[in-house]
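Counting from 169, one number per residue, gives the positions in the sequence shown under this note's numbering. Following: one structure in structure tokens, then a few remarks.
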Amino acid sequence: MLGRRIGKEIGVGVIGLGMGANMLAINQDPTSSLQVRALCDSDTERMERLGQEHGIPHLTTDYQELALQPDVDVVGIYSPDHLHMAHIEAAVAAGKHIICTKPMVVSLEEARRVVQLVQRAGVKFLTGQTSRFRPNFMAAKKLFDDGDLGRPLCAEAHYVHDMRPVMDRTAWRHEHPQDWLYGGACHPIDLLRWFLGDVEEVFTYASCSHMDDRYPADKHDNFLINLRFRSGVIARIMAVYGLVEAPVPQLGLSIFGDKGSFVNDQFVFDKLEGQPEMRLEFRREAGHGQEVIRYMRHFETCLREDKRPLIDEVAGAKVVATASACWESIRTGLPAKVAEVT
Numbered sequence: 169m170l171g172r173r174i175g176k177e178i179g180v181g182v183i184g185l186g187m188g189a190n191m192l193a194i195n196q197d198p199t200s201s202l203q204v205r206a207l208c209d210s211d212t213e214r215m216e217r218l219g220q221e222h223g224i225p226h227l228t229t230d231y232q233e234l235a236l237q238p239d240v241d242v243v244g245i246y247s248p249d250h251l252h253m254a255h256i257e258a259a260v261a262a263g264k265h266i267i268c269t270k271p272m273v274v275s276l277e278e279a280r281r282v283v284q285l286v287q288r289a290g291v292k293f294l295t296g297q298t299s300r301f302r303p304n305f306m307a308a309k310k311l312f313d314d315g316d317l318g319r320p321l322c323a324e325a326h327y328v329h330d331m332r333p334v335m336d337r338t339a340w341r342h343e344h345p346q347d348w349l350y351g352g353a354c355h356p357i358d359l360l361r362w363f364l365g366d367v368e369e370v371f372t373y374a375s376c377s378h379m380d381d382r383y384p385a386d387k388h389d390n391f392l393i394n395l396r397f398r399s400g401v402i403a404r405i406m407a408v409y410g411l412v413e414a415p416v417p418q419l420g421l422s423i424f425g426d427k428g429s430f431v432n433d434q435f436v437f438d439k440l441e442g443q444p445e446m447r448l449e450f451r452r453e454a455g456h457g458q459e460v461i462r463y464m465r466h467f468e469t470c471l472r473e474d475k476r477p478l479i480d481e482v483a484g485a486k487v488v489a490t491a492s493a494c495w496e497s498i499r500t501g502l503p504a505k506v507a508e509v510t
């Protein structure tokens with residue numbers, strides 16, 4: 169059953185129609201009160217095509233104009249990473265709620281400013297960490313929270329992705345260029361924080377792959393990160409973006425507890441005789457479209473019931489702070505403490 173039909177009374181404006189185009193599917197969901205009503209993009213041809221296809225009345229190349237649109241209640245920010253801060257400021261100044269794709273911003277100073285601005289304005293903020301809305305990780309979190317894995321002992325996560333084809337489609341990643349710690353490693357950092365809480369200290373090695381001549385030769389694109397959490401749990405991350413695409417899942421998560429272990433979509437429970445491997449089967453989903461719709465529905469619930477989003481401005485800022493500590497470790501060759509964001 170689709171459920172009850174409700175009015176589309178919550179207006180959404182989208183800045184950036186690459187990944188941001190995934191938000192448009194919500195307009196066809198009769199059980200959601202969200203409706204995309206305004207688009208902003210520098211690619212006018214793409215914007216006009218999508219606007220016509222989805223019947224969206226307001227099209228602009230000016231993000232401030234979109235933020236000030238009176239029938240827009242929520243601003244979705246899917247622009248290149250280095251533009252997020254300016255777009256967040258415009259949305260907050262207009263009193264709009266915000267969904268901002270990861271990374272929230274690209275420095276510790278910006279992260280602290282976002283927390284201050286959002287909390288002062290009293291708007292709701294969701295950091296669009298799609299990984300938390302993958303069915304296999306959602307299932308693992310449920311089992312973890314229910315105590316089926318027991319006390320966490322250690323963990324690891326990876327995001328391993330040949331970025332050459334991605335840069336073919338999004339030239340800004342090599343033109344500005346994208347910082348892969350903030351823009352890539354944020355996925356495994358956020359996943360581990362979701363399960364294990366705040367990170368206390370990191371130690372990071374980094375290297376330059378020189379796999380793509382378009383990406384600056386002096387910019388690191390491969391990282392190995394050791395983490396210690398405030399709870400005392402230790403973990404590691406492999407964040408590798410200069411490589412030939414590897415025959416492993418691009419995004420991986422392993423949680424090892426004293427009652428069971430989880431690796432991607434497989435479980436082993438100590439209480440079962442013979443410790444058989446168990447696999448959870450989920451329908452394969454292409455791209456991030458379904459993950460975006462799931463977190464939009466979560467944000468809609470937060471608006472309706474006045475709840476804090478799962479990944480609010482503070483959670484987003486703590487991921488940025490962890491990445492910032494990784495850079496400090498790379499620069500000094502020493503472990504680095506993760507700074508406070510509030």
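Built from N, CA and C at the ideal position, the CB exists for glycine as well.
Can you name the start and end residues of the beta strand (DSSP E) that residue i belongs to?
i, result
"residue 370", "367-375"
"residue 324", "320-328"
"residue 423", "419-425"
"residue 245", "242-245"
For residue i, does the count of other Cβ atoms within 10 angstroms reach 16, so buried, or fall short, so exposed?
i, result
"residue 486", "buried"
"residue 261", "exposed"
"residue 172", "Only weak support exists for where residue 172 lies, its pLDDT of 38 falling under 50; the value from the coordinates is given anyway. So residue 172 ends up on the exposed side."
"residue 206", "buried"
"residue 321", "exposed"
"residue 414", "exposed"
"residue 212", "exposed"
"residue 174", "Confidence is the limiting factor: at residue 174 the pLDDT is only 49, short of 50, which leaves the residue's position unreliable, though a coordinate-based value still follows. With fewer than 16 other Cβ atoms within 10 Å, it is exposed."
"residue 180", "buried"
"residue 244", "buried"
"residue 378", "exposed"
"residue 475", "exposed"
"residue 339", "exposed"
"residue 446", "exposed"
"residue 490", "buried"
"residue 419", "buried"
"residue 249", "buried"
"residue 210", "exposed"
Could you tell me which residues DSSP pairs with residue i in its beta bridges?
i, result
"residue 390", "375 and 408"
"residue 487", "DSSP lists no partner for residue 487."
"residue 294", "267"
"residue 227", "207"
"residue 155", "Past the boundaries of the shown model lies residue 155; the chain is included only from 169 to 510, so the question cannot be answered."
What did DSSP end up calling residue i once you bin it into helix, strand or coil?
i, result
"residue 305", "helix"
"residue 437", "strand"
"residue 203", "strand"
"residue 504", "strand"
"residue 446", "strand"
"residue 429", "strand"
"residue 235", "helix"
"residue 181", "strand"
"residue 403", "strand"
"residue 315", "coil"
"residue 385", "coil"
"residue 511", "Outside the displayed span of the chain (169 to 510) sits residue 511, for which this structure offers no information."
"residue 510", "coil"
"residue 169", "Below a pLDDT of 50, predicted positions are generally treated as unreliable, and residue 169, at 24, falls in that range; the measurement from the model is reported next regardless. Coil at residue 169, not helix or strand."
"residue 413", "coil"
"residue 249", "helix"
"residue 452", "coil"
"residue 176", "coil"
Would you give the residue range spanned by the alpha helix (DSSP H) that residue i belongs to?
i, result
"residue 256", "252-261"
"residue 287", "276-289"
"residue 479", "That residue, residue 479, is in no alpha helix (DSSP H); it is neither H nor E in DSSP."
"residue 351", "348-351"
"residue 188", "Taken as a continuous stretch (DSSP letters only), residue 188 belongs to no alpha helix (DSSP H), as it is neither H nor E."
"residue 469", "457-473"
"residue 336", "332-337"
"residue 217", "212-222"
"residue 342", "340-343"
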